[in-house]
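Mapped onto the working numbering, the consecutive letters of the sequence shown carry residue numbers 105 to 477. Ideal Cβ placement from N, Cα and C applies to all residues, glycine included. Since we're looking at a predicted model, the values are computed, not measured. Okay, so here's the structure we're looking at.
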Amino acid sequence: MTKKMKRRDFMRTGAVAGLTLAATKDEVAGFPMILKQSTVKPLVISSANGNRFKNGGDVTAVSKAFTMMTGGADVLDSVIAGVNIVELDPLDDSVGYGGLPNADGVVQLDSSVMHGPKKRAGAVGALEGVRTPSLVAKAVLENTDHHLIVGKGAQDFARDMGFKIEDDLNTENSRRKWLEWKRRTDPEHYLDPKKRADAGHKAALQMLAAGLLREENMHGTINCDAINSKGEICGVTTTSGLAWKIPGRIGDSPILGAGLYVDGAVGAAGSTGRGEANLFNLCSFVIVEEMRRGAHPKDAGMEVLNRIKNNTIEKRLLNARGLPNFGITFYMLNAKGEYAGVTMYEGGSYAICNENGPQTLKCDALLTGRPSD
Ligand code: ASP
């Protein structure tokens with residue numbers, strides 16, 4: 105130990121973290137003490153909506169999480185409090201209250217949380233009637249032996265845990281968009297899943313072209329991950345999923361290893377965008393494994409984008425250039441506090457908050473042009 109390092113610069117912990125400097129004997133108690141230097145710069149990273157929506161308040165999700173975490177709050181509690189702002193904000197129609205509903209007009213929400221130091225996880229899928237699915241996912245982590253509860257079971261669990269269950273999480277905006285989508289979708293195709301899916305996709309593309317929807321309306325989610333000065337890492341992902349999905353469809357967001365993965369000693373990764381592409385490749389898990397092998401977060405993210413590109417061979421998923429016709433973005437940080445946001449096509453952004461305050465940054469992109477080119 106150098107003379108410059110004061111005792112308060114170290115913490116005693118039972119866990120061997122990525123930043124362990126040395127182990128010694130506790131002079132008093134006579135049992136091993138792990139010394140961990142508090143040199144990681146605290147950082148919060150999220151999808152771009154984490155530095156956009158404020159739900160009528162003063163702060164965005166990344167600011168809220170950073171302030172809480174650096175004030176000593178648990179890292180998972182901090183990132184969840186951050187994403188709660190977006191879940192509750194009716195203006196973000198891709199997450200929580202006011203999220204675009206499924207094909208039947210019902211808002212079904214997915215969320216997962218992972219706590220690095222505690223090595224615990226919880227998730228809910230296709231949850232109806234609760235504005236903050238991230239808090240229900242946390243209740244799964246804290247109160248059960250399970251990792252994922254879905255559908256009616258998730259709602260019953262939430263009710264038992266004291267959450268308010270509402271009949272309908274649509275806002276006027278989300279219902280209007282759903283009705284417009286329905287109007288454009290031939291109801292005759294309802295019984296033919298393929299034709300119905302094609303008609304629904306076509307209607308959505310028309311609405312995009314007509315400026316009634318933005319790409320992030322179709323796919324939208326918030327992922328938020330953070331590391332505090334002790335090197336503790338946690339993450340959360342929460343979404344209303346794909347707009348007008350087949351009822352019961354669950355995307356990548358509540359699936360550990362897909363929409364979110366945290367290894368407290370290595371790092372965290374999460375995603376927004378086409379969930380099916382992520383589910384097929386389990387990208388968040390792969391990113392964390394790449395970082396475990398020493399890859400920088402950006403290189404780990406590029407690795408999975410390439411994997412998705414190479415595994416996308418169905419014609420319906422390719423554009424005229426033979427490249428994926430969808431967007432997908434990953435956000436990751438490692439135990440050193442290095443981070444990156446990477447995306448399939450240029451133009452995307454992500455958010456961070458560190459000692460310099462909240463910032464929206466440009467993602468590194470794998471491909472040029474747009475998904476539809
Ligand atoms: N990944 C989410 C899903 O597929 C949606 C999104 O982020 O766009 O459910």
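Among the options, the one whose alpha carbon lies nearest that of residue i
i, options, result
"Asn438", "Ala262, Arg235, Ala399", "Ala399"
"Ala455", "Cys328, Asn410, His250, Lys222", "Cys328"
"Pro462", "Thr143, Gly368, Gly154, Val144", "Gly154"
"Asp477", "Leu364, Leu422, Thr248", "Leu422"
"Pro194", "Gly441, Asn410, Arg397, Glu276", "Glu276"
"Leu465", "Pro358, Cys457, Pro475", "Cys457"
"Gly481", "Arg425, Leu346, Ile331", "The question about residue 481 has no answer here: the residues shown for the chain are numbered 105 through 477."
"Leu147", "Met172, Gln212, Lys256, Lys286", "Met172"
"Asp282", "Leu316, Leu383, Lys440", "For the record, residue 282 in the displayed sequence is Trp; it is not Asp. Answer by Cα proximity: Leu316."
"Leu180", "Gly352, Thr164, Gly220, Thr143", "Gly220"
"Val187", "Val210, Phe157, Gly209, Asn206", "Phe157"
"Arg224", "Ser215, Glu246, Ile269, Thr236", "Glu246"
"Gly209", "Arg280, Thr174, Lys419", "Arg280"
"Thr325", "Asn159, Ile331, Ala347, Ala314", "Ala347"
"Pro358", "Gly452, Thr342, Lys349, Val366", "Thr342"
"Leu470", "Ile432, Arg397, Gly379, Leu309", "Ile432"
"Gly255", "Val228, Asp249, Ser238", "Val228"
"Gly355", "Leu252, Gly175, Gly335, Asn460", "Leu252"
"Ser150", "Val183, Asp260, Ser278", "Val183"
"Val370", "Ser344, Phe434, Ile337, Gly345", "Ile337"
"Phe434", "Ile417, Gly441, Phe267, Ile412", "Ile412"
"Thr236", "Lys222, Ile417, Asp403, Glu270", "Glu270"
"Ile417", "Ala381, Arg397, Gly361", "Ala381"
"Val366", "Pro351, Gly345, Thr376, Val390", "Val390"
"His305", "Ala177, Asn429, Ala165, Lys268", "Asn429"
Residue i: CB within 7 angstroms of a non-hydrogen atom of the ligand ASP
i, result
"Gly339", "no"
"Thr376", "yes"
"Leu215", "Leu is not the amino acid found at residue 215; the sequence shown has Ser there. No."
"Pro471", "The question names Pro, yet the displayed sequence has Leu at residue 471. No, Cβ of Leu471 sits at least 7 angstroms from all heavy atoms of the ligand ASP."
"Thr343", "yes"
"Leu346", "yes"
"Ser453", "no"
"Gly379", "yes"
"Ser278", "no"
"Ser357", "yes"
"Gly363", "yes"
"Thr325", "yes"
Residue span of the alpha helix (DSSP H) that contains residue i, given as start and end
i, result
"Leu478", "This structure leaves residue 478 out entirely; the chain is present only between 105 and 477."
"Cys387", "387-396"
"Met265", "Segment: none, Met265 is in no alpha helix (DSSP H) and carries neither H nor E."
"Ala169", "165-174"
"Ser453", "First-last for Ser453: 453-458, but that is the beta strand (DSSP E), not the alpha helix (DSSP H)."
Anticipated Cβ contact below 8 angstroms, residue i with residue j, distance rounded
i, j, result
"Ala243", "Met218", "Not confirmed; about 14 angstroms, so no contact."
"Gly202", "Leu213", "The pair is not a contact, with the Cβ atoms about 11 angstroms apart (cut-off 8 angstroms)."
"Asn415", "Phe384", "6 angstroms"
"Val211", "Asn274", "6 angstroms"
"Met436", "Ala373", "4 angstroms"
"Thr340", "Ser167", "This sequence places Val at residue 340; Thr is not what is there. That belief does not hold up - the Cβ atoms of Val340 and Ser167 are roughly 16 angstroms apart, past 8 angstroms."
"Lys349", "Ala207", "7 angstroms"
"Glu407", "Lys145", "That belief does not hold up - the Cβ atoms of Glu407 and Lys145 are roughly 25 angstroms apart, past 8 angstroms."
"Thr289", "Ala307", "5 angstroms"
"Ser375", "Gly363", "6 angstroms"
Range of the contiguous beta strand (DSSP E) that encloses residue i
i, result
"Arg420", "Arg420 -> no beta strand (DSSP E), and no H or E assigned at all."
"Asn159", "From DSSP, Asn159 is part of no beta strand (DSSP E); its letter is neither H nor E."
"Phe430", "Neither: Phe430 is in no beta strand (DSSP E) and is coded neither H nor E."
"Asp193", "Asp193 -> no beta strand (DSSP E), and no H or E assigned at all."
"Ser215", "213-219"
"Leu283", "That residue, Leu283, is in no beta strand (DSSP E); its alpha helix (DSSP H) goes 276-288."
"Gly371", "371-377"
"Arg224", "224-231"
"Val148", "147-151"
"Leu364", "364-367"
"Val234", "Counting along the chain, Val234 falls outside any beta strand (DSSP E), and DSSP gives it neither H nor E."
"Ile337", "337-343"
"Pro462", "461-466"
"Leu252", "252-254"
"Gly445", "443-449"
"Asn327", "326-331"
CB contact check: residue i to chain D, cutoff 8 angstroms
i, result
"Ala381", "Checking the listed chains, one finds no chain D in this structure; it contains a single protein chain."
Distance cut-off 7 angstroms: residue i Cβ against heavy atoms of the ligand ZN
i, result
"Glu394", "No copy of the ligand ZN occurs in the structure displayed; its ligands are the ligand ASP alone."
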